[in-house]
Ligand code: AMP
Ligand code: ZN
Ligand code: FE
Ligand code: FE
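In my numbering, the protein residues as written are 1 to 282.
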C-alpha cells in the first residue's frame with residue numbers, strides 16, 4: 001500500500017512534514033509522496049524522517065492549472081527541491097499566490113469581512129504557504145461560515161463573492177516543465193473538472209498527448225465504482241492510474257494518510273510504473 005497525495009504545513013495541511021511519513025508508516029504504507037501546493041521545500045524534512053522509519057518518501061508537489069474554463073490540479077513527482085525549470089515555475093507560482101492572497105484580503109475588506117492579510121499569514125504560519133483553506137478556517141472562526149466547505153460555498157469558491165482567480169499555467173505547460181526537470185505529471189482528482197466519465201475520456205486523451213504520465217484513480221474521497229471507472233479511462237489512454245488520500249489534516253478531517261476514509265488501498269505497482277515513465281536523463 002502507498003499514498004501519492006498528501007499535504008503538510010508547507011502548504012494548507014495542518015501537520016508538520018515529518019508527521020506525514022510517521023502516519024504513513026503507522027498505517028502500514030511502504031511509500032508516501034508529499035505533494036504540497038506550489039512547493040518542494042519540505043520534501044527534505046519529510047524524507048529525513050522517512051529514512052529513520054524505513055519508509056520511502058517520494059518528492060512531489062501539486063499545481064492548480066487553467067483548463068477548459070475551470071481549474072485542473074496537476075501532481076508532479078520525482079522532482080527534487082533545487083534548480084530547474086519546474087522549480088523556477090514553482091517560485092513564480094508562489095509569487096502569484098502571495099499576490100492573489102493580497103487581492104483576496106482586499107476583496108474581504110470590500111465585503112466588510114473582518115479578516116486582514118496579516119490574519120491570513122498568521123493562520124498559515126508563513127506567507128507563501130497561505131491559501132484559501134486558511135481563509136476558510138478564519139471565516140468559520142468569525143462565525144461567517146459553518147465549516148470549511150461551507151466557507152467555499154458561501155465566499156471562496158469559483159463564482160462566489162470573495163473568489164479571486166489565481167491559476168495562470170496550463171496542464172501542458174506544467175507537464176513540459178516537469179519533464180524538463182526529470183519528473184512526471186499526473187492529473188489529480190479528475191472528477192473535480194465537473195465532467196462525466198465520457199468527457200474525462202477525452203481529457204485523458206488530451207493529457208496523454210501533452211506528455212502526462214498518469215491520472216489519479218484511487219482517490220481518497222471517491223467511491224470504489226468511481227475509482228474503477230477512472231482506472232479504465234487511464235488505462236485506455238496509456239496513463240498510469242495513481243492514487244492517494246489528499247490528506248490535509250484538520251481541514252479534511254475524514255481522511256487519513258494511506259487509508260483515506262478507511263477503504264483506500266493504492267497498489268504498490270503504480271509507483272513502480274510511474275517511475276518507469278520518468279524521462280531519460282540527459
Ligand atoms: P488555493 O490554492 O489557495 O486557491 O486553495 C485551493 C485548495 O483549497 C484546494 O487544493 C483544496 O485543498 C481547498 N479547497 C478547494 N475547494 C474546496 C471546497 N469546496 N471545500 C474545501 N476545500 C476546498
Ligand atoms: Zn490543499
Ligand atoms: Fe487538489
Ligand atoms: Fe491535494
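Ideal Cβ positions, reconstructed from N, Cα and C, are used throughout, including at glycine. Computed from a prediction, not measured in an experiment: that's the story for all the values here.
Residue i: first and last residue of the uninterrupted beta strand (DSSP E) it sits in
i, result
"residue 237", "No beta strand (DSSP E) holds residue 237; DSSP gives it neither H nor E."
"residue 215", "214 to 219"
"residue 32", "31 to 34"
"residue 77", "70 to 77"
Closer than 8 Å: residue i CB and nearest ligand 2 heavy atom
i, result
"residue 131", "yes"
"residue 71", "no"
Residue span of the alpha helix (DSSP H) that contains residue i, given as start and end
i, result
"residue 56", "Run containing residue 56: none in the alpha helix (DSSP H); it sits in the beta strand (DSSP E), 56 to 67."
"residue 86", "85 to 110"
"residue 138", "132 to 141"
"residue 257", "Premise fails: residue 257 is in no alpha helix (DSSP H) and is neither H nor E."
"residue 185", "Looking at the DSSP string, residue 185 is not in any alpha helix (DSSP H); the run it does join, the beta strand (DSSP E), is 184 to 187."
"residue 117", "117 to 124"
"residue 207", "197 to 209"
"residue 179", "171 to 180"
"residue 269", "269 to 276"
"residue 149", "148 to 151"
"residue 48", "43 to 53"
Buried/exposed call for residue i, threshold 16 Cβ in 10 Å
i, result
"residue 248", "buried"
"residue 250", "exposed"
"residue 125", "exposed"
"residue 181", "buried"
"residue 8", "buried"
"residue 199", "exposed"
"residue 266", "buried"
"residue 110", "exposed"
"residue 243", "buried"
"residue 254", "exposed"
"residue 91", "exposed"
"residue 186", "buried"
"residue 153", "exposed"
"residue 259", "buried"
"residue 122", "exposed"
Where residue i falls: helix, strand or coil (DSSP)
i, result
"residue 163", "coil"
"residue 6", "strand"
"residue 247", "strand"
"residue 190", "helix"
"residue 17", "coil"
"residue 266", "strand"
"residue 279", "coil"
"residue 232", "helix"
"residue 241", "strand"
Heavy atom of ligand 4 within 8 Å of residue i beta-carbon
i, result
"residue 246", "yes"
"residue 7", "yes"
Closer than 8 Å: residue i CB and nearest ligand 1 heavy atom
i, result
"residue 152", "yes"
"residue 122", "no"
"residue 260", "no"
"residue 361", "Here the chain comprises residues numbered 1 to 282, so residue 361 is not present and cannot be evaluated."
"residue 136", "yes"
"residue 171", "no"
"residue 166", "yes"
"residue 76", "no"
"residue 181", "no"
"residue 252", "yes"
"residue 149", "yes"
"residue 49", "no"
Proximity test, residue i beta-carbon vs ligand 5 heavy atom, cut-off 8 Å
i, result
"residue 35", "This structure does not include ligand 5; its bound ligands are ligand 1, ligand 2, ligand 3 and ligand 4."
### Task
Could you name the residues whose beta carbon sits closer than 6 Å to any heavy atom belonging to ligand 3, keeping them in chain order?
62, 73, 188 and 189
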